[in-house]
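Going by UniProt numbering, the residue at position 236 of the sequence shown is 236; the numbering climbs one at a time, nothing skipped. Every residue, glycine too, gets a C-beta built ideally from N, C-alpha and C. Quick caveat, the model's predicted, so the values are computed rather than measured.
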Amino acid sequence: MKDKRILYVSSEVIPYLPETEISSTSFEAAKMVNNIGGQIRIFMPRFGNINERRHQLHEVIRLSGMNMVINDLDMPLIIKVASIPKERMQVYFIDNEDYFKRKATLSDEDGNLFDDNDERAIFFAKGVIETVKKLNWSPDVIHVHGWLAYMLPLYLRHYYGNEPLFKDAKIVTSIYNENFEGTLNEEMRDKVLFDGMEKRDLKHLKEPSFVNLAKTAADNSDAVIVGSDNLPEGLLDYLKKINKPLLPYKTREEFSQAYQDFYTTKVLAE
Numbered sequence: 001m002k003d004k005r006i007l008y009v010s011s012e013v014i015p016y017l018p019e020t021e022i023s024s025t026s027f028e029a030a031k032m033v034n035n036i037g038g039q040i041r042i043f044m045p046r047f048g049n050i051n052e053r054r055h056q057l058h059e060v061i062r063l064s065g066m067n068m069v070i071n072d073l074d075m076p077l078i079i080k081v082a083s084i085p086k087e088r089m090q091v092y093f094i095d096n097e098d099y100f101k102r103k104a105t106l107s108d109e110d111g112n113l114f115d116d117n118d119e120r121a122i123f124f125a126k127g128v129i130e131t132v133k134k135l136n137w138s139p140d141v142i143h144v145h146g147w148l149a150y151m152l153p154l155y156l157r158h159y160y161g162n163e164p165l166f167k168d169a170k171i172v173t174s175i176y177n178e179n180f181e182g183t184l185n186e187e188m189r190d191k192v193l194f195d196g197m198e199k200r201d202l203k204h205l206k207e208p209s210f211v212n213l214a215k216t217a218a219d220n221s222d223a224v225i226v227g228s229d230n231l232p233e234g235l236l237d238y239l240k241k242i243n244k245p246l247l248p249y250k251t252r253e254e255f256s257q258a259y260q261d262f263y264t265t266k267v268l269a270e
C-alpha cells in the first residue's frame, strides 16, 4: 500500500463525533494506511454538533465558493479542514448552512430522521467529488463508510463517469448495521433523476430505505466490506449475490492486515 492514494469518505470519524463502529473504523483504516506509507484524504460532513473551536476547524477559502445544484436549487459549498492531533492526518469537512448547521447529525432529539437527509446525502457526494477535483488529487481507492455517503458510488459511476481524475479509481463500500426506520424522502429518486441519471440505475431508490441505499452503493462499487457482525435481514445474501469481491466482517484486532490484503489482492488487482 506504500504510495497508494486512498480517499476515505465517511459520515462520521473520531475524534470529531462519538466513537461508533463507523467512526472508529474510518479513523483506524485511514491511520493504518497512513502509517504504512500510503497517501490519504478523509472527508466527512461538518455536522453542527462538531465543536469547531475545540477541534480547530478552519475554512479553506480556495476550495470553498462553489455551488452544488440540488433539485434545481443552488446550494453553496463550504470546505473546512482540521488535523487529527498526533496522527499527521487532515480531515476535510463538507459544509453548508442549510444542510449542516443544525446541532445534530441525522435525526432530531426524538429520533426522527431529518426530512432533507436525501438532499444532504446528494450534496455530500457531489461536494466531496468536486472538492477532490479542485485538489487535483487522483485516488487509487475510494473507500465509503456510512449511509449518508452511499450516494457517492452512484454519482461517481453515472454523473462523473467521464471524469479523468477518477478513471482508474476503485470504489470500496463498507456496509454496517445502521438500519433506520422507514425511508428517506420519497422524492429522493426524482432529485437524483434531475441530475440526468437513468431510471434503470436507480431501481432501489423507488423506496429509499437503508437496505436499498446499501444495495445502490454496492451495485456501483468495485468491492464491498462487511463492517458489522450482523446486517439487516437479506442484505448479506444480496452482497454475496452481486458477485463482487467481498470481505467478511473482521474484528478490530483482525481488520488491519485483512484490509491491507483485501486492498492489494482483490481491489487493486482487479
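The residues I129 and F166, in chain order, have a CB closer than 7 Å to that of Y160 in the same chain once the five nearest residues on each side in sequence are set aside. Beta-bridge annotation (DSSP): D95 is paired with I78.
With a threshold of 16 other beta carbon atoms within 10 Å, W147 meets it and is buried. Membership of Y150 in any beta strand (DSSP E) is not indicated, and neither H nor E is assigned to it by DSSP. Counted as a single uninterrupted DSSP element, the stretch harbouring Y159 is not any alpha helix (DSSP H), since DSSP gives it neither H nor E. In the DSSP assignment, A223 falls within the beta strand (DSSP E) that extends over A223 to V226. Annotated three-state conformation of M32 is helix, per DSSP. Within the DSSP secondary-structure output, S83 pairs in a beta bridge with Q90. Under the DSSP assignment, I129 falls in the alpha helix (DSSP H) whose first and last residues are N117 to L135.
Looking at the DSSP output, T173 bridges to V144 and V224. By the CB criterion at 8 Å, I94 and R157 fall outside the cutoff.
For L239, the enclosing alpha helix (DSSP H) stretches over residues L235 to K241. For the pair A125 and M151, the Cα-to-Cα distance works out to about 6 Å. Restricting attention to Y263, R5 and A269, the CA atom closest to the CA of V132 is found in R5.
Listed in chain order, the non-local C-beta contacts of D219 below 7 Å within the same chain comprise I242, local neighbours out to five positions each way being set aside.
Of N162, E87, E207 and I225, the smallest CA-CA separation from R189 is found for E207.
In this structure, the straight-line span from the alpha carbon of T264 to that of K134 is close to 27 Å. The C-beta distance from D195 to V267 rounds to 27 Å, too long to fall under 8 Å, and the pair is not in contact.
When C-alpha distances from L106 are compared across P245, K203, A149 and I14, the shortest belongs to A149. Q39 is a Cβ neighbour of D3, given a cutoff of 8 Å.
For L193, the enclosing alpha helix (DSSP H) covers residues M188 to L193. Cβ contact annotation for K191 (same chain, cutoff 6 Å, sequence separation greater than five): N71, in chain order. I6 sits in a strand when the DSSP states are folded into three classes. A straight line joining the alpha-carbon of L7 with that of V141 spans about 6 Å. Looking at the DSSP output, I40 sits in a beta bridge with I6. In the three-state reduction of the DSSP assignment, L113 falls in the strand class. In the three-state reduction of the DSSP assignment, I61 falls in the coil class. Burial check for H58: the Cβ neighbour count within 10 Å stays below 16, so the residue is exposed.
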